[in-house]
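Engineer: The opening position of the sequence shown corresponds to residue 1 in full-length UniProt numbering, with each subsequent residue numbered one higher.
Backbone N, C-alpha and C fix where the C-beta goes; we use that ideal spot for every residue, glycine too.
Predicted model only: the values in this text are computed from it and were never measured.
Just dropping this structure here.
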Amino acid sequence: MQGQEIEARPGLWLPTGTMQGVCMSARPVEQKVTLQDLKRAIDNKEFELHYQPKVSMVTGEITGAEALIRWRKNDGTLVPPMDFIPLAEESDFIREITRYVFGRLVVDCAVISAVNSSLAVSFNASGKDFHDEKLTEIIVEAVNSRLIDAAKLEIEVTETVLVDEGCARKCLDQLAEIGIPIAMDDFGTGHSGLVELSKWPFSILKIDQKFIRGLNESAKDREILQASIRMAHQLNMDVVAEGIEDEETYRVLQEYGCRTGQGYWISKPLPFLEFILFLKQYKNLPAMPIGLLYMAQLDHIQWRKTLIDTALFLHGSGENRELKNLRGSPELQHTACKLGLWYYDAGRVFSDVESYRQLEQPHMELHAIGKDLLQAARDHCSMTELAALIQQLSEKSLQVLEVLQALENSLHVDQYSVPEPLAE
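Written as structure tokens, this is what we have:
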């Protein structure tokens, strides 16, 4: 999207015709990096941040960026992260680098917010950054001093952080409590599962790019990807797909219900000033969040099943149980169930579609019937009354699903319709 590109080193792409052009970036780094080199790089302020945009697959708008460290020596040579990050990790110097990166990020974010105040910027932290509380204290102080908005900052950590149930857990909990979203990066490359995701304060799941790139080659990768997106949705986590390298992949991920994407098809990581220019010149990508509509239908079917199961359990119980004390009970507020959350949030992109506007009333009526059903079950009504209310609920549920299906059909028609030829 930014013109011709050349790959100077894996993971380091620079546009031609800029001050960071081909000659400087193409120079090989022949000498092995030492710890002293890393210390001098910090002293000389040679580390810089490049920013890879993230795009909402619901609206097509830029919603944020990932800050990626780059080492530019004074002679213009770029040292690839793979040439120094492993050494930094082994020596624990990665903690110094992360703190340096965060300081640069705070400065850059002030400018980014002036251009687009809605963007959230993420940065990568190592598991070793949370072996003590120093980085956490620095971040908390920056937020409390209003140097950076917690809601506009995201921290990405890999599954290696899960090894430390002590200090790391405490630090991430503290950061999440002040409003900073925590992302599990490279999900699918390690051994994390539902237990870990539920125990730790993750609100974002970044699916490893190997699954994204395997979409067209492996049916198993496609199944894993869809299951991961659905799992994250059930856990109320946002999903970011990294490694989007073509429009077809972008479209498929939309159909799967992925909310956010990043990759070279959208943009490569950009030097700070080029990123600012990119923000000013950006035109929205295609928005077709049909995957979230599929999710909404599945959510509704699951809600109906849970409500009926709960009613039958209450009716068969010999006690008058309070619903709020019943584990796994369904959400009774129409604005707070998963379908309602979709309708009043991501679903609003369909607000000009008639079938979308027709959904609110039957959905509200459905929840009213649901409340009556559970109350009758608690009062141990007759089976005839219970069956009649379940029938009412099912009929209203079918009405809701019919409206959702009509909305889905209208989207398919809009997506694949061919304009009529002009009359001669």
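Using a 10 Å radius around the Cβ and a threshold of 16 neighbouring Cβ atoms, would you call Q405 buried or exposed?
Structural biologist: So Q405 ends up on the exposed side.
Engineer: Assign G82 to one of two classes, buried (16 or more other C-beta atoms within 10 Å of its C-beta) or exposed (fewer than that).
Structural biologist: Per the sequence shown, the amino acid found at residue 82 is Met instead of Gly. That one is exposed.
Engineer: From which residue to which residue does the beta strand (DSSP E) around W71 run?
Structural biologist: Per DSSP, W71 belongs to the beta strand (DSSP E) from I62 to R72.
Engineer: Going by beta carbon distance, what residues of the same chain come within less than 8 Å of S351, once the five residues before and after it are set aside?
Structural biologist: R357.
Engineer: For the segment 161 to 178 against the segment 124 to 139, are there 3 or more C-beta pairs whose distance is under 8 Å?
Structural biologist: The segment 161 to 178 is in contact with the segment 124 to 139.
Engineer: Would you tell me roughly how many angstroms separate the C-alpha atoms of K220 and M237, rounded to the nearest one?
Structural biologist: C-alpha separation (whole angstroms): 23 Å.
Engineer: Expressed to the nearest angstrom, what Euclidean distance is found between the alpha-carbon atoms of S56 and T260?
Structural biologist: Using only the alpha carbons, I get a separation of about 5 Å.
Engineer: If you drop the 5 nearest sequence neighbours on each side, which residues of the same chain put their C-beta closer than 7 Å to that of S126?
Structural biologist: Result list for S126: E89, I94 and T98, in chain order.
Engineer: Does the beta-carbon distance from I212 to A183 come in below 8 Å?
Structural biologist: Cβ atoms of I212 and A183: not closer than 8 Å.
Engineer: On a Cα-Cα basis, can you pick out the residue from P53, R70 and T34 that is closest to F47?
Structural biologist: Ranking P53, R70 and T34 by Cα distance to F47 puts R70 first.
Engineer: Using C-beta distances below 7 Å, list every residue in its chain close to V252, excluding the 5 sequence neighbours before and after it, in chain order.
Structural biologist: Result list for V252: L215, in chain order.
Engineer: What's the C-alpha gap between V79 and R72?
Structural biologist: Each residue's Cα considered, the two are about 6 Å apart.
Engineer: Measuring alpha carbon to alpha carbon, tell me which of I42, Q375, Q262 and E96 ends up nearest G60.
Structural biologist: Out of I42, Q375, Q262 and E96, Q262 has the C-alpha closest to the C-alpha of G60.
Engineer: Taking F278 as the reference, give the member of K268, E141 and A287 with the closest Cα.
Structural biologist: F278 has its Cα closest to that of K268, out of K268, E141 and A287.
Engineer: Would you tell me roughly how many angstroms separate the C-alpha atoms of I112 and A142, rounded to the nearest one?
Structural biologist: Whole-angstrom Cα-Cα distance: 17 Å.
Engineer: Could you give the C-beta distance for N116 and D185, rounded to a whole number, given that I count them as a contact under 8 Å?
Structural biologist: With 8 Å as the limit, N116 and D185 do not qualify as a contact, their Cβ atoms being about 23 Å apart.
Engineer: Counting pairs of Cβ atoms below 8 Å between the segment 333 to 342 and the segment 358 to 367, do you hit three or more?
Structural biologist: The segment 333 to 342, when compared against the segment 358 to 367, does touch it at the 8 Å Cβ threshold.
Engineer: When the distance is taken between beta carbons, is Y294 closer than 8 Å to G347?
Structural biologist: Going by C-beta atoms, G347 is not nearer than 8 Å to Y294.
Engineer: Roughly how many whole angstroms lie between the Cα atoms of Q209 and I369?
Structural biologist: Each residue's Cα considered, the two are about 44 Å apart.
Engineer: Alpha carbon to alpha carbon, what distance is there between E247 and R104?
Structural biologist: Taking the straight line from one Cα to the other gives about 33 Å.
Engineer: Going by C-alpha distance, which of P53, V58 and D75 is nearest E66?
Structural biologist: The candidate whose alpha carbon is nearest that of E66 is P53.
Engineer: Take every Cβ of the segment 306 to 320, pair it with every Cβ of the segment 378 to 397, and state whether three or more of those distances are shorter than 8 Å.
Structural biologist: Contact holds: three or more Cβ-Cβ distances are below 8 Å.
Engineer: Based on Cα-Cα distance, which residue from I180, C167 and P86 lies nearest to K32?
Structural biologist: The shortest C-alpha separation from K32 is found at P86.
Engineer: Indicate the three-state DSSP secondary structure (helix, strand or coil) for E156 in the structure shown.
Structural biologist: Three-state DSSP puts E156 in a strand.
Engineer: Leaving out the 5 sequence neighbours to the left and right, which residues in its chain are closer than 8 Å to F187 when beta-carbon positions are compared?
Structural biologist: Closer than 8 Å at Cβ, skipping near neighbours: E159, L205, K206, I207, D208 and S228.
Engineer: Where S91 and L35 are concerned, what is the direct C-alpha to C-alpha distance, given to the nearest angstrom?
Structural biologist: Rounded to whole angstroms, S91 to L35 spans 8 Å at the Cα level.
Engineer: One question on the structure: do D37 and F272 come within less than 8 Å of each other, judged by their Cβ atoms?
Structural biologist: For D37 and F272, no; Cβs fall outside 8 Å.
Engineer: Can you tell me where the beta strand (DSSP E) with V239 in it begins and where it stops?
Structural biologist: Here the beta strand (DSSP E) through V239 covers D238 to E242.
Engineer: Apply the 10 Å Cβ neighbour rule to K128 and answer buried if 16 or more other Cβ atoms are within range, or exposed otherwise.
Structural biologist: K128 is buried by the Cβ-count criterion.
Engineer: Residues in its own chain within less than 7 Å of H50 by CB, not counting five upstream and five downstream?
Structural biologist: Closer than 7 Å at Cβ, skipping near neighbours: L68, R70, P269, L270 and P271.
Engineer: Going by DSSP, what residue range makes up the beta strand (DSSP E) through K54?
Structural biologist: F47 to S56 is the extent of the beta strand (DSSP E) around K54.
Engineer: Quick one: what's I207 bridged to in DSSP?
Structural biologist: Paired residues: F187 and A241.
Engineer: In the structure shown, what three-state DSSP assignment does Q234 receive?
Structural biologist: Reduced to three states, the DSSP call for Q234 is helix.
Engineer: Going along the chain, which unbroken runs of the alpha helix (DSSP H) with 4 or more residues stay wholly within the segment 243 to 287?
Structural biologist: Within the segment 243 to 287, the complete alpha helix (DSSP H) runs of at least 4 residues are 247 to 256 and 272 to 281.
Engineer: In the DSSP assignment, find the unbroken alpha helix (DSSP H) run with S355 in it and report its ends.
Structural biologist: Counting along the chain, the alpha helix (DSSP H) containing S355 begins and ends at E354 to R357.
Engineer: Counting only the same chain and skipping the five closest in sequence on each side, list residues whose C-beta sits under 7 Å from that of R222.
Structural biologist: Contacts found: L215.
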